[in-house]
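Below: the structure, in structure tokens.
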């Protein structure tokens, strides 16, 4: 999605340790009209796929997932990183390692909101190592649901997560795939959408 690549070039900041900061428009401050365009693109990409639910993880994936849900006209469920008193004891649970925070999170989804007849589109802001997505896939499988696809805003193509998920047979659609980035120069190279 050229629109997203252009925005990353304009407002993204490359930091040491393969960190791409896009918090000015994507995962801290959210540019809602821009999210609307991303949601429209996810609808186009998954048109004709039998999706009846979107699953994401708190917190950065929620905004994108909601707008995609608006376009696809389906509910959005987000996995919580802690079980609060207002969620039932009947949950699906998995452990996800956070690359960004270098810690493990026990994430949960109420069994009330994920079922065997669900055809799920998983949405997230970033795909790097794929740990969060593998955890979300695990939650869908625990419910005996079907993962119809994975929609990502920004994929770090130089890390193994996307390739590993595609090799397992999952349909992964990333709006922008970063092939390389350099913290010293700030240069970001995107994978050609024709590739």
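In our numbering, the protein residues as written are 2 to 196. Each residue gets a CB set at the ideal place from its N, CA and C atoms; glycine is no exception. Model, not experiment: these values are computed from the prediction.
- Residue 10 sits exposed, since fewer than 16 C-beta atoms from the chains shown fall within 10 Å of its C-beta.
- Inclusion of residue 18 and residue 189 in the CB contact set at 8 Å is not warranted, their separation being larger than that value.
- Sequence-distant Cβ neighbours of residue 155 in its own chain, meaning closer than 6 Å and more than five residues away, are 127, 177.
- A contact is defined here as three or more CB-CB pairs under 8 Å, and the segment 90-110 fails this definition with respect to the segment 63-72.
- One thing to note: residue 52 has its Cβ no nearer than 8 Å to the Cβ of residue 124.
- Residue environment for residue 193: exposed (fewer than 16 other C-beta atoms within 10 angstroms of its C-beta).
- For the pair residue 64 and residue 36, the CB atoms are nearer than the 8 Å cut-off.
- In the three-state scheme derived from DSSP, where H, G and I count as helix and E and B as strand, residue 59 is classed as coil.
- Taking the Cα of residue 130 as reference, the smallest distance to any Cα among 152, 162, 83 is reached at 162.
- Linking residue 148 to residue 165 through their CA atoms gives a straight-line distance of about 15 Å.
- At least 8 Å separates the beta-carbon of residue 173 from that of residue 140.
- Taking residue 27 as the centre and dropping the five residues before and after it, the same chain places the C-beta of 126, 154 closer than 7 Å to its C-beta, in chain order.
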